[in-house]
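Data first, discussion second: the structure below is written as structure tokens.
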């Protein structure tokens, strides 16, 4: 049996630094998952309706997609038509006897006239009386009915209610 | 005493690694783009049904659809009632939330008898919250993906109604 002794010769260490490789495989894994998730929620048409942060729409099982139209936002204390805040005291409206909300009616008539002028100038754009109501989940029917009635009186008869879709 | 030195010739080691850097730069460009177009909360709409005058005049032949009646759902803070013309088909006391499953089952039964009927009237008490209105409308519109009565009109509850 031969015995081997460790070499006495000094093994020269390489002076060159080794190639530094960043391991990005795990990062790519994460990106793939992110991309799949984002592709799932991708929407090519974008947002037709913008929902203000303080407005809590109710949830529904509907699958109907929103269509463009005049947007009426009803939160707990403000009434916004097409981005303009109307000076209407909703609490007062809620408990009044009148079914018609005068300030809302006059502004909607202005809007309806605008739409009619546009459709007179351009036959491709028909005035269909399309209206989307974004209502807070807490508003009572007492108020909702007055708003829908007023919109109907002003010519916006094609009414729909905006809701969040349940998953 | 040491080990016997290996007699195998050392192969030069190559680092076998896919070059994922171009893929990474693609993803870095894609992710902000998708983030900008992503919609996390889908918004839908429920169309309200208002019969026009022409529709009311040119009503479909009732004998054909078997739908010669008015279907009404009455919601008050205390009770949920289903009416077929004047006949009370169902009446539930509301404890907390209305029993919408029962309502859907009853409507399902009516739908199977009159499959052509699409419209119903929702009669509401002034106190009812918007959220509850939408929930009842959901129960009236469909059950397990099957369409019930999607053309819903909203109306005020008639106060003198015997409930």
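Residue numbers (the numbering used here), protein chains in the order written: chain A, 185 to 351; chain B, 147 to 309.
Note that the Cβ used here is the ideal one computed from N, Cα and C, for glycine as well.
Under the DSSP definition of a beta bridge, which residues are partnered with residue i?
i              : result
residue 239(B) : 225(B)
residue 255(A) : 316(A)
residue 193(B) : 344(A)
residue 218(B) : 229(B), 267(B)
residue 299(B) : 267(B)
residue 269(A) : 264(A)
residue 289(B) : 292(B)
residue 275(B) : 324(A)
residue 234(B) : 229(B)
residue 243(A) : 348(A)
When you compare only the Cα positions, how much space is there between residue i and residue j?
i              : j              : result
residue 269(B) : residue 242(A) : 19 Å
residue 279(B) : residue 349(A) : 15 Å
residue 236(B) : residue 329(A) : 25 Å
residue 254(B) : residue 227(B) : 15 Å
residue 267(B) : residue 332(A) : 16 Å
residue 239(B) : residue 315(A) : 35 Å
residue 182(B) : residue 249(A) : 20 Å
residue 194(B) : residue 345(A) : 7 Å
residue 235(A) : residue 318(A) : 8 Å
residue 165(B) : residue 150(B) : 39 Å
residue 337(A) : residue 310(A) : 19 Å
residue 256(A) : residue 208(A) : 50 Å
residue 308(B) : residue 221(B) : Because residue 308(B) carries a pLDDT of 47, less than 50, the predicted location of this residue cannot be relied on, and no value is offered for it.
residue 184(B) : residue 175(B) : 15 Å
residue 228(A) : residue 233(B) : 49 Å
residue 205(A) : residue 177(B) : 24 Å
residue 230(B) : residue 216(B) : 6 Å
residue 225(B) : residue 245(A) : 23 Å
residue 265(A) : residue 189(B) : 18 Å
residue 279(A) : residue 225(A) : 42 Å
residue 194(A) : residue 153(B) : 19 Å
residue 308(A) : residue 300(A) : 12 Å
residue 252(B) : residue 219(B) : 11 Å
residue 187(A) : residue 216(A) : 57 Å
residue 304(A) : residue 301(B) : 34 Å
residue 293(A) : residue 171(B) : 53 Å
residue 232(A) : residue 167(B) : 37 Å
residue 213(A) : residue 257(B) : 50 Å
residue 277(B) : residue 218(A) : 34 Å
residue 261(B) : residue 272(A) : 44 Å
Which residues bound the alpha helix (DSSP H) around residue i?
i              : result
residue 213(A) : 209–224
residue 249(B) : 246–259
residue 205(A) : From DSSP, residue 205(A) is part of no alpha helix (DSSP H); its letter is neither H nor E.
residue 183(B) : 167–183
Identify the continuous beta strand (DSSP E) that holds residue i and give its terminal residues.
i              : result
residue 331(A) : No beta strand (DSSP E) holds residue 331(A); the alpha helix (DSSP H) holding it covers 325–337.
residue 343(A) : 342–349
residue 228(A) : Residue 228(A) -> no beta strand (DSSP E), and no H or E assigned at all.
residue 282(A) : Here residue 282(A) belongs to no beta strand (DSSP E), and DSSP marks it neither H nor E.
residue 318(A) : 314–319
Can you tell which of the options has its C-alpha closest to the C-alpha of residue i?
i              : options                        : result
residue 277(A) : 257(A), 261(A), 321(A)         : 261(A)
residue 290(A) : 258(A), 319(A), 339(A)         : 339(A)
residue 274(B) : 303(B), 265(B), 178(B)         : 303(B)
residue 284(B) : 179(B), 192(B), 187(B)         : 192(B)
residue 297(A) : 319(A), 239(A), 256(A), 313(A) : 313(A)
residue 268(A) : 254(A), 279(A), 281(A)         : 254(A)
residue 324(A) : 256(A), 274(A), 194(A)         : 274(A)
residue 294(B) : 214(B), 188(B), 259(B), 162(B) : 259(B)
residue 250(B) : 168(B), 162(B), 282(B), 163(B) : 282(B)
residue 247(B) : 287(B), 277(B), 218(B)         : 287(B)
residue 265(B) : 186(B), 163(B), 170(B), 214(B) : 214(B)
residue 192(A) : 152(B), 173(B), 148(B)         : 148(B)
residue 297(B) : 263(B), 245(B), 277(B)         : 263(B)
residue 240(A) : 203(A), 342(A), 320(A), 341(A) : 320(A)
residue 284(A) : 219(A), 351(A), 341(A), 335(A) : 335(A)
residue 351(A) : 167(B), 261(B), 186(B)         : 186(B)
residue 291(B) : 342(A), 247(A), 232(A), 341(A) : 247(A)
residue 322(A) : 259(A), 211(A), 302(A)         : 259(A)
residue 281(A) : 223(B), 257(B), 272(B), 171(B) : 272(B)
residue 245(B) : 223(B), 196(B), 257(B)         : 223(B)
residue 327(A) : 219(A), 347(A), 288(A), 306(A) : 288(A)
Using only the heavy atoms of the ligand ZN, determine whether one of them is closer than 8 Å to the beta carbon of residue i.
i              : result
residue 216(A) : What this structure holds is no ligand at all, so the ligand ZN is not there to describe.
### the stretch 232–252 of chain B: positions lying closer than 7 Å to chain A by Cβ
none
#### Entry: Interface residues of the stretch 250–274 of chain B facing chain A [CB-CB below 8 Å]
270, 271, 272, 273, 274
### Query
Using Cβ-Cβ distances below 8 Å, what residues of the stretch 272–304 of chain B are close to chain A?
272, 273, 274, 275, 276, 277, 279, 280, 281, 283, 284, 287, 288, 300, 302
### Query
Using Cβ-Cβ distances below 9 Å, what residues of the stretch 308–337 of chain A are close to chain B?
316, 317, 318, 319, 320, 321, 322, 323, 324, 325, 326, 327, 328, 329, 332, 336
#### Entry: Residues of the stretch 168–200 of chain B whose Cβ lies closer than 7 Å to any Cβ of chain A, in chain order
169, 170, 173, 176, 177, 180, 181, 183, 184, 185, 186, 187, 188, 189, 190, 191, 192, 193, 194, 196
### Query
Quick one, which residues of the stretch 206–219 of chain A are near chain B if we go by CB-CB under 9 Å, in chain order?
206, 207, 208, 209, 211, 212, 215, 216, 218, 219
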